[in-house]
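Notes follow the structure.
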Amino acid sequence: MAATAPTRGRGRLAATPVVHAGAGRWIAYIGIGIGVIFFLFPVYWMLGTAVKPPNEWLTNPPVFIPSRLYFANFTDALFFYNGLKGLMDSAIVAICSTAIGMVIGTLAAYSIARFRTGGGNLSFFILSVLFMPPVAVAIPMFLFWSNLGLVDTYIALIVQYLIFTVPFVTWLMKGFFQDLPVELEESALVNGASRLRAFWEVALPSVRPALVATALFALIFTWNEFTFAVLLSRGRVTTLPFILPTLMESHNILWGDIAAIATIGALPVVIIAFALQRYLVRGLSFGAIKST
Amino acid sequence: MPPITRRNFLADSAKASALLALGGSSVGSLLSACATTSSSSEASTLAVEIDAGQNANPFLWFANAMQSAVGVSPKIIGLPFVGQYEKIVSEMITRSNVYDVLVFPPFFLGDFVAKGFVHKLTDFGNESDFKLDDVLPVYRDVYLKRNGNLYAAAYDGDQLQVAYRKDMFDKAGITKFPTTWDEYVATAQALHKPPTQYGNAFYGQRGFCYGWFINIFAANGGKWFTSDMKPGIAGDEGVKALETMIKLKQYAPPNILQIGYPELNEAYLNGSTAMVIQWNDLALKAEDPTKSKSVGMNGYAPSPVRNYMPYSRIAAISAFSSNPHNSYKMIQYMTRTEVSIKYVYDPNCGEDPTRASHFDVSAVKDHTGKPSMSPDAATSYVNANKAGLAIGYPELSIPGAPRYIDILDLKVNEALAGSSTAAQALKSTADEWNSITTALDQNAQVKAYADWVDSFHKAGITY
Amino acid sequence: MATRVVGRRQASGGGRRFALLTVAPATLLLVGISIFPLLYALRLSFMQDSLLSVAPPRFIGLANYGHLFHDSLFWTSLGVTAVFAVSVITVQLVAGLVIALALDRLPRYQQVIATILLIPSILSPSVVSFQWRQLFDYYSGPLNYFLGLLHLPLQGWTASPREALPALVLVDFWEWTPFMVLLIFAGIKSLPKSVFEAARVDGSSSWQVTIFQTLPLLRRVIAIAVILRLIGAFKVFDIIYSLTAGGPGTSTESLAFYTYVQGFRYFDLGYSTTMAFVTLIMITVLARLILGFMERPVGRAA
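Keeping their order, the protein sequence lines are chains A, B and C.
Under this note's numbering, residues 1 to 292 are what the first sequence spells out, in order.
Under this note's numbering, residues 293 to 755 are what the second sequence spells out, in order.
Under this note's numbering, residues 756 to 1057 are what the third sequence spells out, in order.
Here's what the structure looks like:
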């Protein structure tokens, strides 16, 4: 881990400070313990409901441990309620939108960080796109896609989500590039490399953990987005957040099936987060703070 | 339970449709033969817009039978219940042909007709195809027609209904079912023994709580508007009704403000509440031993004095459909007497009787022909439905209805939550209603309302 | 600051074309998919345009903006949003700091625990609302079950006009504190180790180190976290839509929810976009203030 860090010229990452042994540490243990229980209990409840038979969904007292594992909720969710299709559509939309957003956003971030392109205004404009309430642009966007005949297509959702991913990626990556000492790129330029090569072969590899962490958050957002998923679907492109509320039907709520589909929807992102966990903290710590 | 039926339902519907195909094929082939000339260029698979979930089931159960009878089959586009209105309107204002058949509640119909979102059914066939003399007048004249034209066919006939626990009444020594709202409040009070037994429950969440208010408002003799569109809501009938509702809150479960449709079902089905007013399909669930703790102990009755008819579902042809003739055939098929009678008593969908011929105790069966409840319960249920419609009070369905209703709902909820008095809440409702009327054009609204009230008289409704 | 100066010098030294080419796609795209609809929406805010009215749209100048002042529901929703935003940002910031500092004291498994804690922020907001709807259930929810075990009075949670907004704050706290923890923890990890060592030579206690040395250095990361949560709090919609629908009464009617009702339930596009613009302006001003605070020189720690 520390091997790629020296480029930052700020000594190694981190370091747990030497702490007074005893009380302080125990308080930390207990605090973290309570935190983990608090933040995981609702997740446990979702997993539990997903494998509960229907007569245990709503009982008094509530059922903490299902009497038997009832996997029919999962087969229902996947095959009857189109969970499988939702999974695929979510994956297509989220991966494409994240990938495109990363390319466009990282380029812009580099330009702004290194050349102060557009001064502070361009940078703030890009950030301010994030401030926009989705309802403000929902109807105009619907009319726009409708006129192009692209409602209910992957393209519409992918491009629509760039409205979030591009500013988000640009804003975060800008900070990381600003913290990256410029000397390495300069020496590459002196040695005859082009701008593009200096960017591609020197700057990018140095911010790799930050790229991974940023991409992960962009992916999570696009995977979970709800407003436009509903607005721009007509039943052909149905991401998971679209499918979920259709199960909260008017006449009874299918708790087990919803929990199953929610679990299925959460799994891929949680797995990716765990697989990339070593980049998460490092990636975000890379440019988050400037010591001067 | 739904999961069981869900899993078996493909098999069930195959069986059912095979049976139906045998019975219905002669009529069906005749019809499709007649219609082929006009619709040969149209697609036979039609996009059906409907709220997702159990209300789409009848279309699926009868898909094969419909295909063999009239040569069309449905592709369901299920919309989230709460987002249905905004989704349909968004598509319609862009004139998109994505939906062929629209299934929606009549309180959308005023807007949809005014904005030209739906075809007249009679553009594609004759009124007589729908055997309208069998459709209950209150649905037929008020919910399906505008200015004398037929725009929709009745798919689901909703009304409120009291479901109560006869055993709990007996235990509390109550022998007479309340016939006035004062008696109803007294009964709820007598039955209220928290925390094991609550006296009554109603829809207290934002969304539809206005319906339970109108139910009492109607009993007090209230009217939506005067003939010149002055709001009728803020008078004595309204204030007293809202105060009654607030009183009933005291004898209700403590989470009453979070009780919506599924929670209200649950409050009754889990045996904790002695008496609830709910949409009439609760009975089908209350008599189903897999869902209910009170099978055989339930009584059903209309609300005191008047009985409100919130929601319901009707089917119409989208004005932008590329397949209007085939859509017509599908709507005609699904609402036929012999088809609809097989789903209006099925506990696995939410549809309720819409035709006089549905009021037949021997028809209280699910779509596979299995009885939905005991003969005694069925008799009591059918009678309560019949009696409820006799004093039925229709839901507002003039242009702007969703907006009038949404404001009313918000204000009623505020009063229930205790942040305003009944009088204040209704006064500010009336103010908002006036500005909606002005925004929508006063004269047009007066005319639309007069036409709507006129339909009451045709249907024989006291108003 | 040093890197920026170098960068600027470089730009004039010939990287200009590269700089413009790389920033162009993002700018063009954002102008295309955000400026176009935004201008369209801005125009709408000067119109009386209700899609369900039979009257054609007409220009009414600033009347929609004027109407805001007399619309009591707008003020109510602004109040709800302000209370919500201040509450969630405060509790999340405090809890985020405490948990991140505690995490930093663990001898091992810091990363794994940070990732485990992150799960709530990874879940879809629709899933989050669904879960809490179950947890809050008066009759069968585990929260009231625990209260019952402790012989405490059962709570209405989202059913109570007084508790509904705090209940939503709790949900948002659960959903977003982990993200805050991760950001702050990453911030701590990027602090130079020397800060702590110097402090120890001074003989400062660990809490003194935290308060007087660490916190000022975390200012930038805190500003980033606060801006992101501010945006989230002003736009809060999903959990309200599925948990309370703005009720009981108007106790949880947020600005975003009210804007949605005007736009999508009433199709009053003019008025709805007016509210959206006012929201946009408020977030922009607040974000500017926070960014200004962040960019100010750090003072003695510099």
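Quick reminder that beta carbons are idealized off the backbone N, C-alpha and C, glycines included.
Inset, instruction - Using a Cβ-Cβ cut-off of 8 Å, state whether P811 (chain C) counts as contacting chain A. - result: no
Legend entry - Residue range of the unbroken alpha helix (DSSP H) whose run includes P1126 (chain C): Nothing about residue 1126 (chain C) can be reported from this structure: the residues present for chain C run from 756 to 1057 only.
Legend entry - Three-state secondary structure (DSSP) of S194 (chain A): coil
Inset, instruction - List the DSSP bridge partners of L394 (chain B). - result: B:E341 and B:A608
Legend entry - Contacts around N705 (chain B), its chain only, beta-carbon distance under 6 Å, and the 5 residues preceding and following it disregarded: R498 and C501
Inset, instruction - Can you give me the start and stop residues for the beta strand (DSSP E) that L371 (chain B) sits inside? - result: S365 to L371
Legend entry - Simplified DSSP assignment, three categories, for T246 (chain A): helix
Inset, instruction - Under 6 Å Cβ to Cβ from V319 (chain B), same chain only, skipping five residues before and after it: list those, please. - result: A caution first: V319 (chain B) carries a pLDDT of 42, below 50, which makes its placement in the model unreliable, though a value can still be read off. Result list for V319 (chain B): empty, nothing under 6 Å.
Legend entry - Within chain C, partners of V381 (chain B) - CB distance below 9 Å: L806, L807, F1019 and F1022
Inset, instruction - Might you give, ordered along the chain, the residues of its own chain that have their beta carbon closer than 7 Å to the beta carbon of S336 (chain B), omitting 5 neighbours on each side? - result: G363, V364, S365 and N618
Inset, instruction - Could you round the C-beta distance between A109 (chain A) and F177 (chain A) to whole angstroms and report it? I think they count as a contact, below 8 Å. - result: 6 Å
Legend entry - Contacts around L823 (chain C), its chain only, beta-carbon distance under 8 Å, and the 5 residues preceding and following it disregarded: F829, T1029, M1030 and V1033
Legend entry - Beta-carbon proximity check, D403 (chain B) vs L1024 (chain C), cutoff 8 Å: no
Legend entry - Pick from C:G1004, C:A855, C:A810 and C:F801 that is closest to Q737 (chain B), judged by C-alpha positions: C:A810
Legend entry - Near-chain B residues of the region 52-69 of chain A - C-beta to any C-beta below 8 Å: P54, N55, L58 and N60
Inset, instruction - Decide yes or no for the touch test of the region 918-930 of chain C against the region 829-844 of chain C: beta carbon pairs closer than 8 Å, at least 3 of them. - result: yes
Inset, instruction - Indicate whether at least one CB of chain B lies closer than 8 Å to the CB of R771 (chain C). - result: no
Inset, instruction - Just the C-alpha distance for P596 (chain B) and E378 (chain B), rounded to the nearest angstrom, thanks. - result: 34 Å
Inset, instruction - Excluding the 5 residues preceding and the 5 following L240 (chain A) in the sequence, name in chain order all residues of the same chain whose CB lies nearer than 6 Å to its CB. - result: G86, S90 and G265
Legend entry - C-alpha distance - D733 (chain B) paired with G692 (chain B), whole-angstrom precision: 11 Å
Inset, instruction - For T329 (chain B), count neighbouring C-beta atoms within 10 Å of its own C-beta (all shown protein chains included) and say buried if the count is 16 or more, exposed if not. - result: Per-residue confidence for T329 (chain B) stands at a pLDDT of 44, beneath the threshold of 50, marking its modelled position as unreliable; no derived number is given.
Inset, instruction - Please name the residues in the region 923-953 of chain C whose beta-carbon is closer than 7 Å to at least one beta-carbon of chain A, in chain order. - result: W929, P933, L937, L938, F940, A941, G942, K944, S945, L946, P947, K948 and F951
Inset, instruction - Could you give the DSSP three-state label for K990 (chain C): helix, strand or coil? - result: coil
Inset, instruction - Using a threshold of 8 Å, state whether the C-beta atoms of F940 (chain C) and Q847 (chain C) are closer than that. - result: no
Inset, instruction - Just the C-alpha distance for Q489 (chain B) and G283 (chain A), rounded to the nearest angstrom, thanks. - result: 57 Å
Inset, instruction - Determine, using beta-carbon pairs with one atom in the region 477-493 of chain B and one in the region 537-551 of chain B, whether at least three such pairs fall under 8 Å. - result: yes
Legend entry - I253 (chain A) (DSSP reduced to helix, strand or coil): strand
Inset, instruction - Check the Cβ of R25 (chain A) against every Cβ in chain C and list those closer than 7 Å, keeping chain order. - result: R860
Inset, instruction - Give the DSSP-derived three-state secondary structure of I788 (chain C) in the structure shown. - result: helix
Inset, instruction - Please say whether A988 (chain C) and I844 (chain C) have beta carbons closer to each other than 8 Å? - result: yes
Legend entry - Range covered by the beta strand (DSSP E) that runs through P457 (chain B): According to the sequence provided, residue 457 (chain B) is Arg. The question's Pro does not apply to it. First-last of the beta strand (DSSP E) with R457 (chain B): L452 to R457.
Inset, instruction - Determine the chain A residues that contact S388 (chain B) at a beta-carbon separation under 9 Å, and present them in chain order. - result: S146, V151 and R234
Legend entry - Contact check, P875 (chain C) vs I994 (chain C), beta carbons under 8 Å: no
Inset, instruction - Please confirm if G190 (chain A) has its CB atom under 8 Å from at least one CB of chain C. - result: First, the residue type needs correcting, since residue 190 (chain A) is Val and not Gly in the sequence shown. With 8 Å as the cut-off, V190 (chain A) does not count as an interface residue toward chain C.
Inset, instruction - Give the DSSP-derived three-state secondary structure of A774 (chain C) in the structure shown. - result: helix
Inset, instruction - Check the Cβ of A193 (chain A) against every Cβ in chain C and list those closer than 7 Å, keeping chain order. - result: Simply none; closest approach about 12 Å.
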